[in-house]
Amino acid sequence: MNLQGKVHKFANDVNTDYIISGRHKFKTLDMKELARHVMEDLDPDFYSKVTPGDFIVAGSNFGCGSSREQAPMAIIYADISAVIAKSFARIFYRNCINTGLPLIECDTDGIDAGDKLEIDLSAGVLHNLSKGTDIPITPLPAVMLKILNDGGLVEHFKKYGGFNFD
Amino acid sequence: MGKTIAEKILSNKSGQNCRANDIVIADLDFVMAQDGTSGLAIQAFEEMQAKKVFDPQRVAMVIDHSSPSPLAGVSALHKQIRVFANEQDINLYDIGNGVCHQLVPEQGHVVPGDLVIGADSHTCTYGAINVFSTGVGSTDMAAGMVSGKLWFKVPETIKFIINGKLPAGVYSKDLILYLIGDVTADGATYRAAEYVGEAISNLSIDARFTISNMAIEMGAKCGLMEADQKTFDWVKEHSQREFTPVKADPDAVYAWIKEYNVSNLEPQIAKPHTVDNVAPISEVAGIPIQQGVIGTCTNGRIEDLRIAAAILKGKKVNRHTRLIVAPSSRQTMIQAMREGLIEIFMESGAAVVTPGCGPCVGTHNGVPSDGENVISTANRNFKGRMGNPTSFIYLGSPASVAASVIYGKITDPREFIK
Ligand code: SF4
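If you read the protein sequences in the order shown, they are chains A and B. Heads up, the first sequence is in numbering that gives the first Met the number 0, so the first residue is 0 and it goes up one at a time. Heads up, the second sequence is in numbering that gives the first Met the number 0, so the first residue is 0 and it goes up one at a time.
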């Protein structure tokens, strides 16, 4: 899987309420509507700045807080192709793989807002095209890669009727 | 190189000789959701185009969070759960049965060595009886219902060695609050916790559940204990199932090890608005309290009710304070009635409500007013947790809550303990 896009940069400890505020998440199950409010408490214009394929880049502990799956879903529907951070909160991490949102763990200090990146998930490397640097990424285990390639756990189960990693 | 409890249970259930950070697909022994999470799980189940759950006996849905229903919208959700449960013939615990985390072990669904998921973050509770149990989201819950399996990243483990003897008037709740205050709310993220030592062995199973229940409040994936004779006796009393307990190897590898001595521990209180904002009770004594809560999956068990009733016996709840008691299950409530505890609570002026989550999560049963202070035996004191973001929640043991509602201010329970 190869991904290309530009960077929207955030700090450490972005919690699920910042990703999609409780004000919105109980109002509707319409993910396109929810997506309009992604990250709005940190950057009110975030949604309108995104070009399809762009990345969210952050520091450590991204996605801490509640277990709501609306958080990764809303990011996906905002046309973000992957989240890149130093580390992720556990339940959020699971929910992203399961809903089909690629997560990349790596050192994000050398990545700035507006940088253009290209990510080669299977080779385990992130090219910062703007800076001409290569950043090694923790490769995703085969199981997660397969679930992501199938488009998430629901699609994986639809296809195989259960887990299938042969 | 030896293995931790988490590594052993996940190896057994996946058939793979796994270590921390490996990814495995493992067989689940039990799968649970509550009324706040069942709806999305049922939706994902249907999207997966599944027809039947993998084994109806191993799936439960519990209507405990808003129970009985306070609103028509919630009633619709409850109805959806009842319809699904009847179609699939799974275990359904409808209103009045109690809190999910009391029912799952009490009804004998889980035994030592099991691997369990629940669509509720406090599913880690069953670690007290040597079960690897952890909270998940609704797609995971659906995958578990369909296949009886789930993928896991094997966690590293943190070992807590608890030496010494808890003094009179100091309980397992004080102990776990102290640990959370020490390691902080994300100190154990991604990891499993193992609790060992003399102070843990001395605890009853009821008291151990309180500790494992709050493992998530330090970020842990599960809060595991070894099984001893007390565990075996308790499990055999509640379950017919055969089981194989799992011990950590002496040379198991840990992320880190922390050692404590609790012989001089004071009662502990978590102050608003985070669970790791912990202080000894002497620092907060005297703060006025408008509402007390005894109950929840943390401290609503029979032993908790006995401790609180012993303090409240023959006394009255302060006229500026109210007390809500929510027994953790129907069985707990019946037992409390037999022992005369419910009578003590009612005579003291308490409101005894339906077994279940009670006012814990702010959906019903005692939402505090603006600016009010609450002292509760629950596990979370986040802003707005009980339904009003302008109220303040303090967490403590059942004894600390009972003592505090008598005086209408935070009170050290040791003055009531002879
Ligand atoms: S009692 Fe509170 S913490 Fe426990 S399951 Fe219910 S709402 Fe959650």
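Beta carbons: idealized from backbone N, C-alpha and C, even for Gly. Nothing here was measured: the structure is a model prediction, and the numbers come from that model.
- Q228 of chain B: member of the alpha helix (DSSP H) spanning Q228 to H237, first to last residue.
- With a cut-off of 6 Å, the C-beta of C359 of chain B is classified as near the ligand SF4, since at least one heavy atom of the ligand falls inside that distance.
- Per the Cβ contact rule, the segment 75-84 of chain A is in contact with the segment 28-42 of chain A (3 or more Cβ pairs under 8 Å).
- Beta bridge pairing from DSSP links G291 of chain B with B:L322 and B:I374.
- Three or more pairs of CB atoms, one per stretch, sit closer than 8 Å, so the segment 42-62 of chain B contacts the segment 153-163 of chain A.
- Considering only beta carbons, the part of the segment 23-51 of chain B lying closer than 9 Å to chain A consists of V23, I24, T36, L39, Q42, A43, E46, M47, Q48 and A49, in chain order.
- With 16 or more neighbouring CB atoms inside 10 Å of its own CB, Q101 of chain B falls in the buried class.
- Where M140 of chain B is concerned, there is no enclosing beta strand (DSSP E), although the alpha helix (DSSP H) around it starts and stops at S137 to S146.
- Sequence-ordered contacts of the segment 136-153 of chain B with chain A read G136, S137, T138, D139, A142, V145, S146, K148 and W150 [C-beta pairs closer than 7 Å].
- The criterion of a C-beta distance shorter than 7 Å is not satisfied by N364 of chain B and V351 of chain B.
- Leaving aside the five residues that flank G109 of chain A on each side, the residues in its chain whose CB is nearer than 8 Å to its CB run, in chain order, N127, K130, T132 and I134.
- Taking a beta-carbon distance threshold of 7 Å, N94 of chain A counts as an interface residue toward chain B.
- With fewer than three CB-CB distances shorter than 8 Å, the segment 137-146 of chain A does not count as touching the segment 37-49 of chain A.
- For T98 of chain A, the enclosing alpha helix (DSSP H) covers residues R89 to T98.
- Contact check for L100 of chain A and P71 of chain A: beta-carbon distance about 5 Å, within the 8 Å limit, so the pair qualifies.
- Proximity of chain A to G134 of chain B at the Cβ level (cut-off 8 Å) is accounted for by S66 and I90, in chain order.
- Relative to the ligand SF4, V316 of chain B has its C-beta separated by 6 Å or more from all heavy atoms.
- For V73 of chain B, the enclosing alpha helix (DSSP H) has its first and last residue at A71 to Q87.
- Distances from the CA of F131 of chain B to each of B:P166, B:S10 and B:K78 were compared; the closest alpha carbon is that of B:S10.
- In this structure A191 of chain B is not in contact with T138 of chain B, their Cβ atoms being roughly 22 Å apart against a cut-off of 8 Å.
- Taking a beta-carbon distance threshold of 7 Å, Y189 of chain B counts as an interface residue toward chain A.
- Shown in chain order are the members of the segment 98-117 of chain A whose Cβ falls below 8 Å from a Cβ of chain B: T98.
- Secondary structure at N11 of chain B: helix, using DSSP grouped into helix, strand and coil.
- A Cβ-Cβ separation of about 6 Å places I392 of chain B in contact with M385 of chain B under the 8 Å criterion.
- Residues of chain A whose Cβ lies closer than 8 Å to the Cβ of K220 of chain B are, in chain order, R89.
- Taking I83 of chain A as reference, the option from A:V56, A:K157, A:K8 and A:L125 with the minimal CA-CA separation is A:V56.
- Between V73 of chain B and T36 of chain B, the alpha-carbon positions lie close to 12 Å from each other.
- Note on T209 of chain B: 16 or more other CB atoms within 10 angstroms of its CB, so buried under the neighbour-count rule.
- Its Cα nearest to that of G95 of chain B, the residue B:D63 stands out among B:D63, B:Y259, B:L174 and B:N260.
- Taken through DSSP and simplified to helix, strand or coil, I268 of chain B comes out as strand.
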